[in-house]
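A.B. asks: Just passing along the structure, written as structure tokens.
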Amino acid sequence: MPKIYVPPIKCQGIKTKLVSWIIAATQGVDYERWIEPFMGSGVVGFNLRPQRALFCDRNVHLIGFYNAIKTNRLTPTLAGEFLEDEGAKLSQIGEAHYYSIRDRFNKTQHPLDFLFLNRACFNGVIRFNRQGKFNVPFGHKPNRFAKSYITKIVNQIKYVQSALQYYDWEFRLCDFKDCIKEASESDLIYCDPPYAGRHTDYYNNWSEQDEMDLSKLLKSTRAKFLLSTWHSNQYRENPAIHTAWKDFSFITREHFYYVGASERNRNPMIEALVLNYSSTLAKPVQSQKPQYSALNLFGV
């Protein structure tokens with residue numbers, strides 16, 4: 002399996018463990034531009050490394066972070082020095098320093114503060130309140146920024162910086178509707194929206210109406226697309242599979258979500274990729290009740 006490059010900004014629902022599977026579903030597809038209307042972590046596109054790409058998101062801080070790298074306002078060296086300095090203060094002062102950085106970020110919106118909060122907050126969650134303020138609590142790890150951890154983050158930024166020297170990648174603050182409407186028949190769209198019925202978006206809420214609006218747009222687009230969603234778990238099935246996405250083919254795979262350290266918090270899920278193009282891996286939408294044994298329930 003090829004090395005998977007993890008992005009510098011983490012977010013809930015990141016597809017790190019599914020990247021190879023998703024990329025495999027694009028093999029043999031001809032396209033000139035890769036489009037992500039829901040950039041999130043960007044992990045799929047960053048590992049696919051298309052020659053041309055449009056990464057869109059409604060999260061101004063996320064888009065601002067990557068544009069800061071693109072324009073060299075945020076460099077690996079600056080990030081390393083910043084995290085070393087602020088990490089030392091966090092170790093000495095504790096959680097009060099985290100909240101001082103959070104207050105500062107909510108006033109200045111500096112991308113380096115965003116990076117610090119993303120890596121020091123609880124569970125790497127990105128969440129904002131209705132006033133647009135970052136409100137995730139401290140992750141209770143004052144010694145979070147060890148030298149090796151800072152080096153890892155710096156290398157993640159270097160990877161993006163290096164890619165931007167070779168590839169034509171655009172990062173744009175944009176609603177998913179406008180992004181998809183721009184797509185042409187020579188584009189390939191990858192959608193990774195918040196999972197309807199499971200959690201809210203990291204920046205804006207996601208409703209059933211949003212899911213239906215997305216479905217209508219993708220039905221009318223001239224571009225090829227693939228979309229990540231959940232198919233089912235041991236308790237229930239995603240109703241959107243048979244409503245919003247009933248006219249398309251799909252691929253499924255079992256995946257585990259980890260919430261907390263306990264094995265009993267590992268939740269198996271059947272993931273789905275919905276497609277509007279021919280793939281040897283795809284099949285028509287049908288009911289697929291997952292089989293979960295007592296062993297694979299806990300990843301054994």
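In the working numbering, the protein residues as written are 2 to 301. Cβ atoms here follow ideal geometry from the backbone N, Cα and C, with glycine treated the same way.
Write down every uninterrupted run of the beta strand (DSSP E) in the stretch 179-244 whose length is 3 residues or greater and which is fully enclosed by it, in chain order.
C.D. replies: 188-192, 225-234
A.B. asks: Measure the C-alpha to C-alpha separation of Asp179 and Ile158 and round it to an integer number of angstroms.
C.D. replies: 28 Å
A.B. asks: In three-state terms, what does DSSP make of Thr17?
C.D. replies: helix
A.B. asks: Assign Pro51 to buried or exposed, taking buried as 16 or more other Cβ atoms, counted over all protein chains shown, within 10 Å of its Cβ.
C.D. replies: buried
A.B. asks: At the level of alpha carbons, what is the spacing between Glu33 and Ile94?
C.D. replies: 50 Å
A.B. asks: Please name the residue, chosen from Trp22, Leu219, Thr27, Pro194, that lies closest to Ser208 on a Cα-to-Cα basis.
C.D. replies: Pro194
A.B. asks: From this set, Trp246, Glu212, Thr72, which residue's C-alpha is nearest Leu276's C-alpha?
C.D. replies: Trp246
A.B. asks: To the nearest angstrom, how far is the alpha carbon of Gln132 from that of Ile154?
C.D. replies: 29 Å
A.B. asks: Could you give the DSSP three-state label for Lys4: helix, strand or coil?
C.D. replies: coil
A.B. asks: Suppose the cutoff is 8 Å on Cβ atoms and the five residues either side in sequence are ignored; what does the same chain contact list for Leu118 look like?
C.D. replies: Taking Leu118 as the centre and dropping the five residues before and after it, the same chain places the C-beta of Tyr99, Ile102, Arg103, Phe106, Phe135, Val137 closer than 8 Å to its C-beta, in chain order.
A.B. asks: Under 8 Å, do Gly41 and Cys12 count as touching if we go by C-beta distance?
C.D. replies: yes
A.B. asks: Alpha carbon to alpha carbon, how far is Thr76 from Asn68? Give it in angstroms, no decimals.
C.D. replies: Their Cα atoms are separated by approximately 11 Å.
A.B. asks: Does DSSP classify Pro51 as helix, strand or coil?
C.D. replies: It is coil, neither helix nor strand.
A.B. asks: Of the residues Ala97, Gly43, Arg120, Glu96, which one's Cα is nearest the Cα of Ala80?
C.D. replies: If we check each option's Cα against that of Ala80, Arg120 comes out closest.
A.B. asks: Note down the Cα distance separating Thr222 from Thr244, rounded to an integer number of angstroms.
C.D. replies: 18 Å
A.B. asks: Going along the chain, which residues of its own chain have a beta-carbon closer than 8 Å to the beta-carbon of Phe123, five neighbours each way excluded?
C.D. replies: Taken in chain order, the residues that qualify are Val137, Pro138, Phe139, Gly140, His141.
A.B. asks: Once the 5 residues before and after Gly65 are set aside, which same chain residues still bring their CB inside 6 Å of it?
C.D. replies: Pro112
A.B. asks: Select from Arg145, Gln210, Cys192, Ile252 the residue whose C-alpha is nearest the C-alpha of Leu219.
C.D. replies: Cys192
A.B. asks: To the nearest whole angstrom, what separates the beta carbons of Trp35 and Leu49, a pair I think is in contact under 8 Å?
C.D. replies: Trp35 to Leu49, Cβ: 7 Å. Contact.
A.B. asks: Would a C-beta distance cut-off of 8 Å place Leu174 and Ile70 closer than the cut-off?
C.D. replies: no
A.B. asks: May I ask you to list the residues that DSSP assigns as paired with Asp58?
C.D. replies: Leu174
A.B. asks: What are the complete alpha helix (DSSP H) segments, minimum 4 residues, inside the stretch 16-46?
C.D. replies: 20-25
A.B. asks: In whole angstroms, what separates the C-alpha of Tyr167 from that of Lys90?
C.D. replies: 37 Å
A.B. asks: Per DSSP, Phe129 forms a beta bridge with which residues?
C.D. replies: Phe135
A.B. asks: Given a cut-off of 8 Å, decide if Val161 and Pro9 are closer than it, judged by their beta-carbon atoms.
C.D. replies: Taking 8 Å as the cut-off, the beta carbon of Pro9 is found closer than this to the beta carbon of Val161.
A.B. asks: So the alpha helix (DSSP H) Ala121 belongs to, where does it begin and stop?
C.D. replies: 112-121
A.B. asks: What does DSSP give as the partner residue(s) for His256 in the beta ladder?
C.D. replies: Answer is Met270, bridged to His256.
A.B. asks: Only counting runs of 4 or more residues, tell me where the alpha helix (DSSP H) segments fall wholly within the stretch 55-108, in order along the chain.
C.D. replies: Along the stretch 55-108, the alpha helix (DSSP H) occurs as fully enclosed runs of 4 or more residues at 61-71, 77-94, listed in sequence order.
A.B. asks: Taking DSSP as the reference, what is the three-state secondary structure of Ser250?
C.D. replies: strand
A.B. asks: In the DSSP assignment, what are the bridge partners of Val275?
C.D. replies: In the DSSP output, where bridge partners are listed per residue, Val275 has Leu228, Phe251.
A.B. asks: Just how far apart, CA to CA, sit Thr152 and Glu85?
C.D. replies: 10 Å
A.B. asks: If we count the other Cβ atoms within 10 Å of its Cβ and call it buried at 16 or more, is Ala241 buried or exposed?
C.D. replies: Per the 10 Å Cβ criterion, buried.
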